[in-house]
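Numbering (the numbering used here), first residue to last: 1 to 345.
Even glycine gets a Cβ: it sits at the ideal position worked out from N, Cα and C.
Just so we're clear, the structure is a prediction, and the values are computed from it rather than from any experiment.
Remarks on the structure that follows.
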Amino acid sequence: MALTLLGRHNPLASPSEQLKVLAQPSPRLPFEAQLDQAGLYPLRATRITVLQINVGKLCNQTCRHCHVDAGPDRPEAMSLETAEQCIEALAKTDIPTMDITGGAPELNPHFRWLVKKSRDLGRHVIDRCNLSVLLLPSQTDLAEFLANHRVEIIASLPSYRAGQTDAQRGDGVFEKSMEALHLLNRFGYGQPDSGLILNLVYNPVGAFLPPKQEAIEAQFKKELRTHHGIEFNRLYTITNMPISRFLEFLVESGNYEQYMTRLANAFNPAAAADVMCRYTLSVGWDGRLYDCDFNQMLNLPLNHGAPSHVRDFDPAQLHDRQIVIRNHCYGCTAGSGSSCGGSVT
């Protein structure tokens, strides 16, 4: 079956059309069958330790690899009512980590309220930051706010080279990222004994699996310290997921079948046993519940009797729920595995 682009200003026309592409006979085994062979089907959650909320798709950048299809023209944004429901859900549990993502999550008008309320509950807060948002005129005090509330920052940086970063994220983004990292360093982020954690995220530029996390981390630290005087704590490697803009790239470039075969051939049962959906619960900007941010973008909500919305949050039903899977899940189980916290094994 020939793969074709389905035409809108963004990627493949809809989540349902993306799922049709992902259901085609490549790779050889559907992900469900691969899990079954590994003795892991049905895949179930083990206990929620991370509540990850996507507060919307508004972003000041339009990155080629973005699985959220975020950008400056996206209107989707979490309301205060839904944000309050997220905090109410968090308060019902001992879930230790609130992970806030987007878009550029900081552009949601309720972002700082969410941070403050989560910290008031004694929870660790992660901000998934694109770095350049720190330089916007409307966000001049953002770095200081994050430091004052001891928020961990996880920031995407595809390369320590300007050309590769700008190719994926837009012209001039590398220089803005360096400026933002210097700003964070001045507030103590990434510095020894400060307790202010600054982690970077690397994902390949193209249809490749990421290299070994420890090796690329050492390389990033050397290059950023030597050439830019920048310090950070950890570097996470994340596999490009075959959804949204990256799926469009794969189809358009003729790399889809080869990439899916590469992911499937690299399936690692050890990585599959510890995928992030087993300990993470994802909340969409509208409050709907998902097993992960990727399922959220494919409109694959919780199933198998679990609550569908954060207002109906029930820890007893959610902690050991059966997880919804499709072939894109190969992206999290290839090689050393991939998660929002980097490699798994």
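Start-to-end residues for the beta strand (DSSP E) that takes in HIS124
For HIS124, the uninterrupted beta strand (DSSP E) segment begins and ends at 124 to 129.
In angstroms with no decimal places, state the Cα-to-Cα distance between HIS182 and VAL125.
21 angstroms
Cα-Cα separation between ALA270 and ARG44, rounded to whole angstroms:
15 angstroms
Neighbourhood of ASP291 by C-beta, 6 angstroms cutoff - its chain only, sequence neighbours within 5 removed
Closer than 6 angstroms at the Cβ level, and outside the excluded window around ASP291, lie CYS277, ILE323, VAL324.
Express the C-alpha separation of TYR160 and THR97 in angstroms, rounding to a whole number.
29 angstroms
Which residue's Cα is closest to the Cα of THR237: PHE267, CYS59, PRO204?
PRO204
Would you mind working out which of MET178, LEU196, GLU175 sits nearest ILE153, comparing C-alpha positions?
LEU196
ARG245 to PRO15, Cα distance in whole Å?
ARG245 and PRO15: Cα-Cα distance of roughly 12 angstroms.
Could you tell me which residues DSSP puts in a beta bridge with PRO301?
TYR290
Pairing CB atoms from the stretch 98 to 114 with CB atoms from the stretch 126 to 138, are three or more of them under 8 angstroms?
yes
Is the CB-CB distance between ASN327 and PRO105 below 8 angstroms?
Not a contact, by the Cβ cut-off of 8 angstroms.
Where CYS329 and ASN268 are concerned, what is the direct C-alpha to C-alpha distance, given to the nearest angstrom?
12 angstroms
Can at least three beta-carbon pairs, one atom from the stretch 221 to 241 and one from the stretch 331 to 341, be found at a separation below 8 angstroms?
yes
Among the candidates PRO211, ASN255, GLN219, whose CA atom is the shortest distance from the CA of THR345?
PRO211
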